[in-house]
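Engineer:
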Amino acid sequence: MANILQEIEKQIAGAKTGVARQNVGVVREISDGVARIEGLSDAMLNEMIDFGNNVMGLALNLEETEVGAVILGDYIGIKEGTECRTTGRLLSVPVGKALLGRVVDSLGRPLDGKGPIQTDTFYPVEKIAPGIIKRRSVSQPVQTGIMAVDAMIPIGRGQRELIIGDRSTGKTTICIDTIINNARLNRAAEQAGDKNYRPLYSIYVAVGQKQSNIARVIGVLEENGAMPYTIIVAAAASDNAANQYLAPFSGAAMGEWFMDNGMDALIIYDDLSKHAVAYRQVSLILKRPSGREAYPGDVFYLHSRLLERAARLSEQAGNGSLTALPIIETQLGDVSAYIPTNVISITDGQIYLETDLFYQGVRPAISVGLSVSRVGSAAQVKAMKQIAGRIKGDLAQFRELAAFAQFGSDLDAKTQAQLERGKRIVELFKQNQYNPQPVEVQTVVLWAVQNAFFDDVAVDKIKDCQARMSDYLMSRKPELMAKIVKEKALNDALIAEIKVAVTEFKQTYRS
Amino acid sequence: MTTPREARRIARALFRESFTDGRLDEAKVRQAIQQLAAAKPRMLVAILKSCERLVRLEVERNTARVESAAELDAGLRERLTAQLQKIYRRPVAAEFRVNPELLGGVRVRIGSDVWDGSVSGRLSELSAAL
Numbered sequence: 000m001a002n003i004l005q006e007i008e009k010q011i012a013g014a015k016t017g018v019a020r021q022n023v024g025v026v027r028e029i030s031d032g033v034a035r036i037e038g039l040s041d042a043m044l045n046e047m048i049d050f051g052n053n054v055m056g057l058a059l060n061l062e063e064t065e066v067g068a069v070i071l072g073d074y075i076g077i078k079e080g081t082e083c084r085t086t087g088r089l090l091s092v093p094v095g096k097a098l099l100g101r102v103v104d105s106l107g108r109p110l111d112g113k114g115p116i117q118t119d120t121f122y123p124v125e126k127i128a129p130g131i132i133k134r135r136s137v138s139q140p141v142q143t144g145i146m147a148v149d150a151m152i153p154i155g156r157g158q159r160e161l162i163i164g165d166r167s168t169g170k171t172t173i174c175i176d177t178i179i180n181n182a183r184l185n186r187a188a189e190q191a192g193d194k195n196y197r198p199l200y201s202i203y204v205a206v207g208q209k210q211s212n213i214a215r216v217i218g219v220l221e222e223n224g225a226m227p228y229t230i231i232v233a234a235a236a237s238d239n240a241a242n243q244y245l246a247p248f249s250g251a252a253m254g255e256w257f258m259d260n261g262m263d264a265l266i267i268y269d270d271l272s273k274h275a276v277a278y279r280q281v282s283l284i285l286k287r288p289s290g291r292e293a294y295p296g297d298v299f300y301l302h303s304r305l306l307e308r309a310a311r312l313s314e315q316a317g318n319g320s321l322t323a324l325p326i327i328e329t330q331l332g333d334v335s336a337y338i339p340t341n342v343i344s345i346t347d348g349q350i351y352l353e354t355d356l357f358y359q360g361v362r363p364a365i366s367v368g369l370s371v372s373r374v375g376s377a378a379q380v381k382a383m384k385q386i387a388g389r390i391k392g393d394l395a396q397f398r399e400l401a402a403f404a405q406f407g408s409d410l411d412a413k414t415q416a417q418l419e420r421g422k423r424i425v426e427l428f429k430q431n432q433y434n435p436q437p438v439e440v441q442t443v444v445l446w447a448v449q450n451a452f453f454d455d456v457a458v459d460k461i462k463d464c465q466a467r468m469s470d471y472l473m474s475r476k477p478e479l480m481a482k483i484v485k486e487k488a489l490n491d492a493l494i495a496e497i498k499v500a501v502t503e504f505k506q507t508y509r510s
Numbered sequence: 000m001t002t003p004r005e006a007r008r009i010a011r012a013l014f015r016e017s018f019t020d021g022r023l024d025e026a027k028v029r030q031a032i033q034q035l036a037a038a039k040p041r042m043l044v045a046i047l048k049s050c051e052r053l054v055r056l057e058v059e060r061n062t063a064r065v066e067s068a069a070e071l072d073a074g075l076r077e078r079l080t081a082q083l084q085k086i087y088r089r090p091v092a093a094e095f096r097v098n099p100e101l102l103g104g105v106r107v108r109i110g111s112d113v114w115d116g117s118v119s120g121r122l123s124e125l126s127a128a129l
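Residue numbers (numbering that gives the first Met the number 0), protein chains in the order written: chain C, 0 to 510; chain V, 0 to 129.
#1: Using a beta-carbon distance below 8 Å, is C:G38 in contact with chain V?
#2: Could you please tell me which residues of the region 44-55 of chain V, in chain order, have their CB closer than 8 Å to any CB of chain C?
#3: Against V:G116, what residues of chain C qualify as contacts under a CB-to-CB distance less than 8 Å, listed in chain order?
#4: For C:E65, which residues does DSSP report across the bridge?
#5: Buried or exposed, going by whether 16 or more other CB atoms sit within 10 Å of the CB of V:V44?
#6: Alpha carbon to alpha carbon, how far is C:L184 from C:Y358? Give it in angstroms, no decimals.
#7: Please identify, using Cβ separations under 7 Å, the residues of the region 93-104 of chain C that lie next to chain V, in order along the chain.
#8: Run down chain C in chain order and give the residues with a C-beta less than 7 Å from the C-beta of V:A36.
#9: Hey, which unbroken runs of the alpha helix (DSSP H) at 4 residues or more fall wholly within the region 113-187 of chain C?
#10: Which chain V residues sit within Cβ distance under 8 Å of C:I11?
#11: Using the beta-carbon of each residue, which ones in chain C are nearer than 8 Å to V:A12?
#12: Would you identify the three-state DSSP class for C:L199, choosing helix, strand or coil?
#13: Pull up the CB-CB distance for C:T346 and C:L312, whole angstroms please, since I reckon it's below 8 Å.
#14: For C:N22, go through chain V and note every residue whose CB falls closer than 7 Å to its CB, in chain order.
#15: Residues in the region 327-347 of chain C with C-beta within 8 Å of chain B's C-beta atoms, listed in sequence order?
#16: Can you name the residues of chain V whose CB is closer than 9 Å to the CB of C:T64?
#17: Quick one: what's got a C-beta closer than 8 Å to C:A205's C-beta in the same chain, skipping five residues either side?
#18: Listed in chain order, which residues of the region 94-106 of chain V have Cβ atoms closer than 7 Å to some Cβ of chain C?
#19: So, C:V141 versus C:T354, is the Cβ gap smaller than 8 Å?
#20: Can the beta-carbon of C:G169 be found less than 8 Å from the beta-carbon of C:A466?
#21: For a cutoff of 8 Å on Cβ pairs, would you count V:A73 as touching chain C?
#22: With DSSP as the reference, label C:D73 as helix, strand or coil.
#23: Please check the pair C:V69 and C:G24, which I expect to be a contact at CB under 8 Å, by giving their CB distance rounded to whole angstroms.
#24: So that I know if they touch, is there some Cβ in chain C lying closer than 8 Å to that of V:L79?
#25: State the Cα-Cα distance for the pair C:M468 and C:E503, rounded to the nearest angstrom.
#26: Three-state secondary structure (DSSP) at C:P288?
#27: So, for C:N239: in the same chain, excluding its five sequence neighbours on each side, which residues have a beta-carbon less than 6 Å away from its beta-carbon?
#28: To the nearest angstrom, how far is it from the Cα of C:Q210 to the Cα of C:E63?
#29: Reducing DSSP to helix, strand and coil, say where C:Q228 ends up.
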């Protein structure tokens, strides 16, 4: 009892006794989660407005005599004439390692029923991206565990790589695979006590998605043990547009904390098409002038300021990084629509997923011709770079020849060989979902296909052969795998060892 | 219903013309309204409503609504008005009202600023803190 009394006394002592000035306004109009408020002469842009009863708003339109604010949360209790006040605070969210393993909403409030989040650090949702001086170029890889990506479209820490494609082409799966692979790498390094390994923490921002989809993603991450390294920011389709608009910015703030504290983080915006739609709704209700496809004029700035926050910081600035994987959903493969072109031009490359490929069974359905990574090759693991450089060329040649061979004319032996090799490469790049491959295994497999070790395996047996080879390499040749990871580049001695290992495997392999 | 943009523009122009030395001139406002009513332009009601709103906000900006739990004596009223004029650096008219719901103290509202020194205000602040 004495404790309670002390606590009350402390609160009484803490309560302000002086007369402080407050800036108030009166709600004149409220509809669709947007209030128009008369007064609030001191309101700042993006300031939190207190409507009482724990309902907050965000001042987005500052006009001559009115303020337009979006309500974050339940606006049913707010009526015409309700008094509200400025708080002097910008919208902030909790940040820090306490959020790892948690599912939060766009204001950082827990949604997973695991109790309050124990952190006293807050970051503003809107923050200016790091400037030129603080940055350095991308030089460390993000291992996605997807062979097609790691070999041909490498992603570096601090890069912004767009994942674009039609509905159900495997966009989210690529991101989930990346999260799972990095969780696996983080755990392996933790268990081995590797102090030099820089763990990569993941933030998955779900915007305007079905609750069931979000639950499924959480389920997959939990099943694969990736949740302890992941934060999920969820603004589902049933959340109001303001929360959907804010979610990616909140996620970015959480990622920036890792970056500012010298750590590496990966953020996935799933997806920015729905984010643009939510922002369009907010803007139209705020009566902002609309432009192309009814999007407001600043929809480009909306995404550019968000994606600019992904960066690789210099040694002086802490050496942290924030990698962004935004997702865009196209309609019938139309990449020339408004939002896709905007985001393509902002990012440092894109992974383009094709419906046709997906239904042909090429999964992940990455279109190698249209996908590109503008900065990632500088960060690619050297061993992979030595091998993968030729693979992309081989594959391009294969596609050209395959189109030509459709005419059914007789082909010379060299062309036949190239076609057969191409088919096998395409087959190797097929990969089951949630089954990321370590980069050292990928390297050996690609080396083997380039050096004709798969040429005598039938195309329909390639996957089986690859799976067995991976098993063989991981269970029987762990020293070789460790050596590739350690030495990073392939030298003659290492290549000789790989050759011995692959030859040994081929002797035992019977399809 | 929202006010048409044109009506708001005209109302704002009339309002801006009604100032003398940075203060809203009542005579000018009256004259402008009379002329407007005589001319009967399109959207007269919308213009007048818009004008009324601008004038109301300007009057509120220069008027301090002082609420107190008990009647304030003349000396206190004078001191309070002088203090407010010192803070806002402009002439401020004060309207005094007794509001027993405040329980004690004074609450002043001027434009969109509120100075709440009332007991009820402090109690609600305390309950929010607890």
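C-beta atoms are modelled at their ideal positions from N, C-alpha and C, and glycine is treated no differently.
Every value quoted in this text rests on a predicted model; they were computed, and no experiment measured them.
Structural biologist: Based on what the coordinates show:
#1: In the first sequence, residue 38 of chain C corresponds to position 39, counting from 1. Closer than 8 Å: yes.
#2: R52, L53
#3: Position 117 of the second sequence, counted from the first residue, corresponds to residue 116 of chain V. Correct list: V18.
#4: Against the first sequence, residue 65 of chain C aligns to sequence position 66. C:E37, per the DSSP bridge assignment.
#5: Indexing the second sequence from 1 puts residue 44 of chain V at position 45. V:V44 should be labelled exposed.
#6: Working through the first sequence from its first residue, we reach residue 358 of chain C at position 359. Working through the first sequence from its first residue, we reach residue 184 of chain C at position 185. Their Cα atoms are separated by approximately 31 Å.
#7: none
#8: Taking the second sequence and counting its residues from 1, one reaches residue 36 of chain V at position 37. Within 7 Å Cβ-Cβ: nothing; V:A36 doesn't reach chain C, min ~23 Å.
#9: 146-151
#10: Residue 11 of chain C sits at position 12 when you count from the first residue of the first sequence. Those within 8 Å of C:I11 in chain V are L125.
#11: Position 13 of the second sequence, counted from the first residue, corresponds to residue 12 of chain V. Near V:A12 there are no residues of chain C at all, since even the closest Cβ is about 13 Å away, more than 8 Å.
#12: Walking along the first sequence from the start, residue 199 of chain C turns up at place 200. Here C:L199 sits in strand by DSSP.
#13: In the first sequence, counting from the first residue as 1, residue 346 of chain C sits at position 347. In the first sequence, counting from the first residue as 1, residue 312 of chain C sits at position 313. 19 Å between Cβ atoms; not a contact.
#14: Residue mapping note: residue 22 of chain C aligns to position 23 of the first sequence, counting from 1. Neighbours of C:N22 on chain V, chain order: S111, D112.
#15: Annotation note: the requested chain B is absent from the structure, which comprises protein chains C and V.
#16: As a working mapping, residue 64 of chain C is identified with position 65 in the first sequence. The contacting residues are R52, L53, L56.
#17: Walking along the first sequence from the start, residue 205 of chain C turns up at place 206. Here the set comprises N212, I213, V216, I231, V232, A233, A234, A235, A246, D269.
#18: none
#19: Position 142 of the first sequence, counting from 1, holds the residue named residue 141 of chain C. Position 355 of the first sequence, counting from 1, holds the residue named residue 354 of chain C. Not closer than 8 Å, so no.
#20: Residue numbering aside, residue 169 of chain C sits at position 170 when the first sequence is read from its first letter. Residue numbering aside, residue 466 of chain C sits at position 467 when the first sequence is read from its first letter. No. Outside cutoff.
#21: In the second sequence, residue 73 of chain V corresponds to position 74, counting from 1. No - not a single Cβ of chain C is within 8 Å of the one on V:A73.
#22: As a working note, residue 73 of chain C is residue 74 in the first sequence. It is coil, neither helix nor strand.
#23: The residue given as residue 69 of chain C occupies position 70 in the first sequence. The residue given as residue 24 of chain C occupies position 25 in the first sequence. With a Cβ gap of about 15 Å, C:V69 and C:G24 do not count as contacting.
#24: Within the second sequence, residue 79 of chain V is the residue found at index 80, counting from 1. By this cut-off, V:L79 is not an interface position.
#25: Numbered from 1 along the first sequence, position 469 holds the residue referred to as residue 468 of chain C. Numbered from 1 along the first sequence, position 504 holds the residue referred to as residue 503 of chain C. For C:M468 and C:E503, the distance between alpha carbons rounds to 10 Å.
#26: Position 289 of the first sequence, counted from the start, is the residue given in the question as residue 288 of chain C. Three-state DSSP puts C:P288 in coil, outside helix and strand.
#27: As a first step, residue 239 of chain C must be located in the first sequence, where it is residue number 240. Closer than 6 Å at Cβ, skipping near neighbours: G32.
#28: Along the first sequence, read from residue 1 onward, the residue named residue 210 of chain C stands at position 211. Along the first sequence, read from residue 1 onward, the residue named residue 63 of chain C stands at position 64. So the two alpha carbons sit approximately 40 Å from each other.
#29: For the purposes of this step, residue 228 of chain C is taken as the residue at position 229 of the first sequence. Here residue 228 of chain C turns out to be Tyr, not Gln, going by the sequence shown. Helix, per DSSP.
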